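Residue numbering for the sequence shown follows our numbering, starting at 12 and increasing by one per position. I have placed the structure first, in the form of structure tokens, so that the comments after it can refer back to it.
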Amino acid sequence: MRVVDLFSGCGGLSLGFQDAGLPVTAAYDYWEAAVKTYESNFSHPIHFFDLSKTSAACDHIAQWNPDIIIGGPPCQDFSHAGKRTEGKQANLTLSFAKIVCNLRPETFVMENVQRTKNSRNFGSARRLFKKAGYGLTEVVLDASFCGAPQKRKRFFCIGTLNAEDGFLEPLINCNLAGKAMTPREYLGDELGVANYYRHPRNYNRRAVFSIDEPAPTVRGVNRPVPKGYPGHPGDTAKLTRSLRPLTTLERARLQTFPKIFKWSGPKTELEQMIGNAVPVKLAEFVARTVLAYHSQPEASVLETASV
Ligand SMILES: C[S@@+](CC[C@H](N)C(=O)[O-])C[C@H]1O[C@@H](n2cnc3c(N)ncnc32)[C@H](O)[C@@H]1O
């Protein structure tokens with residue numbers, strides 16, 4: 012199957028699909044730093060391309076004749092705390108839908124923050140998908156139940172032509188882990204700490220986490236422990252001199268990028284692309300489910316019947 016990744020960033024979604032046995036043929040992004048990182052880690056082409064220009068994008072992407080289009084359009088306008096208006100970035104969800112509906116691959120996978128589900132732009136995208144003949148599975152997945160040691164909840168809309176709505180739910184439910192994964196379970200003692208600092212959005216939230224609980228969402232910024240940190244009753248350890256935030260590379264590991272993944276460039280850009288990424292193991296989980304459905308679509312229906 013030919014897979015094309017749109018809004019690929021540094022390639023979390025791409026790598027998960029590849030690891031599941033669905034190699035990616037081409038990728039697209041419009042941020043030089045992400046394109047460079049992607050290029051250093053994959054052998055297929057990545058195109059620096061503005062996907063808001065949907066007509067030109069369709070012409071370009073058509074050369075790959077994709078069976079599967081995957082992508083995580085930017086989510087800042089949906090996810091930014093306190094900001095409810097949907098701006099230019101959120102429109103890219105609609106661009107993704109326009110490209111998919113024009114090229115009509117057999118299957119598409121779209122990833123975004125949870126809030127997307129009830130957004131106006133996704134409502135318009137959903138109407139386009141339905142009109143183009145896609146059956147949709149819309150699901151929020153917690154990465155810590157999908158092979159990654161991080162409590163990161165993300166919305167997935169997965170469409171397959173002529174399938175029934177909800178077609179993937181039985182397989183997804185069947186494959187979810189029985190318990191959330193922790194950093195110690197995934198990384199052993201690699202982090203070299205039992206507790207670490209993760210700067211909270213405000214001091215009503217805790218900031219110190221143990222490696223024996225799923226990590227909080229890896230975001231696009233990473234701050235040192237501030238001088239005036241007041242502490243929080245939920246913190247798993249007291250503030251000591253040795254308490255530190257995780258490094259950029261350690262955060263990439265929580266995002267389940269392999270040790271051999273090559274990162275270069277300014278730290279702020281790397282933090283941003285790591286925080287943007289779909290955890291590789293979560294992407295692999297979704298890809299395996301899609302692959303299983305395509306190998307035996309009837310089996311997933313039978314499994315539902317017997318559950
Ligand atoms: C949420 S990130 C994608 C993360 C990626 N799926 C991963 O797993 O690593 C969204 C990406 O959309 C890209 N982007 C933003 N505007 C774009 C545009 N107009 N055209 C193409 N890509 C764009 C950003 O550069 C960013 O890398």
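The beta-carbon is built from N, C-alpha and C at its ideal position, and this holds for glycine as well. This one's a predicted model, so the numbers in the text were calculated from it and none came from an experiment.
Which class does residue 246 belong to by DSSP, given the choice of helix, strand or coil?
-> By 1-based counting over the sequence shown, the position of residue 246 is 235. Coil.
Look at the Cβ atom of residue 269, then the Cβ atom of residue 161, and state whether they are nearer than 8 Å.
-> If you number the sequence shown from 1, residue 269 lands on position 258. If you number the sequence shown from 1, residue 161 lands on position 150. Contact flag unset, no.
Starting from residue 121, trace the beta strand (DSSP E) both ways and give me its first and last residue.
-> Along the sequence shown, read from residue 1 onward, the residue named residue 121 stands at position 110. That run of the beta strand (DSSP E) goes 118-124.
Bridge partners - residue 218, DSSP secondary structure assignment | Within the sequence shown, numbered from 1, the residue matching residue 218 stands at position 207. In the DSSP secondary-structure assignment, residue 218 is not bridged to any residue.
Which one or two residues does DSSP pair with residue 59 in a beta bridge?
-> As a first step, residue 59 must be located in the sequence shown, where it is residue number 48. Note: residue 59 sits in a beta bridge opposite 40.
Using three-state DSSP, classify residue 164 as helix, strand or coil.
-> By one-based count along the sequence shown, residue 164 stands at place 153. For residue 164, the three-state secondary structure derived from DSSP is strand.
Under a Cβ-count criterion, where at least 16 other Cβ atoms within 10 Å of its own Cβ denotes burial, should residue 185 be classed as buried or exposed?
-> Taking the sequence shown and counting its residues from 1, the one referred to as residue 185 is at position 174. By the neighbour-count rule (16 or more Cβ atoms within 10 Å), residue 185 is not buried but exposed.
Would you tell me roughly how many angstroms separate the C-alpha atoms of residue 271 and residue 142, rounded to the nearest one?
-> Position 260 of the sequence shown holds residue 271. Position 131 of the sequence shown holds residue 142. For residue 271 and residue 142, the distance between alpha carbons rounds to 43 Å.
Short Cβ contact (8 Å threshold) for residue 151 with residue 164 = Against the sequence shown, residue 151 aligns to sequence position 140. Against the sequence shown, residue 164 aligns to sequence position 153. Closer than 8 Å, so yes.
Return yes when at least one heavy atom of ligand 1 lies under 7 Å from the C-beta of residue 289, else no.
-> If you number the sequence shown from 1, residue 289 lands on position 278. It does: the Cβ of residue 289 is within 7 Å (strictly closer) of some heavy atom of ligand 1.
Is residue 16 buried or exposed, if buried means 16 or more other CB atoms sit within 10 Å of its CB?
-> Position 5 of the sequence shown, counting from 1, holds the residue named residue 16. Burial state of residue 16 is buried, judged by a 10 Å Cβ sphere holding 16 or more other Cβ atoms.
Near residue 224, what residues of its chain come up, given a Cβ to Cβ distance below 7 Å and the 5 sequence neighbours on each side ignored?
-> Walking along the sequence shown from the start, residue 224 turns up at place 213. Answer for residue 224: 193, listed in chain order.
Residue 85 CB to nearest heavy atom of ligand 1 below 7 Å = In the sequence shown, the residue the question calls residue 85 occupies position 74. Residue 85: yes, Cβ under 7 Å from ligand 1.
Could you check which residue in 199, 14 and 21 has the C-alpha nearest to that of residue 286?
-> On the sequence shown, residue 286 is found 275 positions in, with the first residue counted as 1. If we check each option's Cα against that of residue 286, 21 comes out closest.
Neighbour-count burial assignment, residue 28, 16 or more Cβ in a 10 Å radius | The residue labelled residue 28 in the question sits at position 17 within the sequence shown. It is buried - the Cβ of residue 28 has at least 16 other Cβ atoms within 10 Å.
Using only alpha-carbon positions, find the residue among 18, 32 and 33 that is nearest to residue 57.
-> Here residue 57 is taken as the residue at index 46 of the sequence shown, counted from 1. That would be 18, whose Cα lies nearest to the Cα of residue 57.
Does the beta carbon of residue 28 fall short of 7 Å from some heavy atom of ligand 1?
-> Reading the sequence shown from its first residue, position 17 is the one you call residue 28. Short note on residue 28: C-beta not closer than 7 Å to any heavy atom of ligand 1.
Can you say whether residue 251 is buried or exposed, counting buried as having 16 or more other CB atoms within 10 angstroms of its CB?
-> Against the sequence shown, residue 251 aligns to sequence position 240. Residue environment analysis places residue 251 among the exposed positions, since fewer than 16 neighbouring C-beta atoms fall within 10 angstroms of its C-beta.
Assigned secondary structure, residue 80 (DSSP; H/G/I helix, E/B strand, else coil) | One-based indexing of the sequence shown puts residue 80 at position 69. Looking at residue 80 - three-state DSSP - the assignment turns out to be strand.
From residue 320 to residue 279, what does the alpha carbon distance come to, in whole angstroms?
-> The structure shown does not extend to residue 320, since the chain is modelled only from 12 to 318, so the question has no answer here.
What's the call for residue 104, buried or exposed, on a 16-neighbour Cβ count within 10 Å?
-> For this step, residue 104 is matched to residue 93 along the sequence shown. Counting Cβ neighbours within 10 Å, residue 104 comes out buried, since at least 16 surround it.
Cα-Cα separation, residue 63 to residue 158 | Translated into positions along the sequence shown, residue 63 becomes position 52. Translated into positions along the sequence shown, residue 158 becomes position 147. Taking the straight line from one Cα to the other gives about 33 Å.
Going straight from the alpha carbon of residue 276 to that of residue 44, what length do you get?
-> Counting from one through the sequence shown, the residue named residue 276 turns up at place 265. Counting from one through the sequence shown, the residue named residue 44 turns up at place 33. Going by the C-alpha atoms only, they are around 7 Å apart.
Closer than 7 Å: is that where the CB of residue 40 sits relative to any heavy atom of ligand 1?
-> Within the sequence shown, residue 40 is the residue found at index 29, counting from 1. Because some heavy atom of ligand 1 lies under 7 Å away, the Cβ of residue 40 counts as near it: yes.
Leaving aside the five residues before and after residue 176 along the sequence, list all residues of the same chain whose C-beta is less than 6 Å from its C-beta, in chain order.
-> Counting from 1 along the sequence shown, the entry for residue 176 is found at position 165. The beta carbon of residue 176 sits closer than 6 Å to the beta carbons of 146 and 147 from its chain, once the five residues preceding and following it are set aside; these are given in chain order.
In terms of residues, what are the limits of the alpha helix (DSSP H) holding residue 196?
-> Start at 1 with the first residue of the sequence shown, and residue 196 comes out as number 185. Bounds of the alpha helix (DSSP H) holding residue 196 are 194-198.
Proximal residues to residue 90 (C-beta, below 7 Å), its chain only, five neighbours per side dropped | Within the sequence shown, residue 90 is the residue found at index 79, counting from 1. With a pLDDT of 47 at residue 90, under the threshold of 50, the modelled position of this residue cannot be trusted; read the value that follows with caution. For residue 90, where only same-chain residues beyond five positions count, the Cβ hits under 7 Å are 124 and 126.
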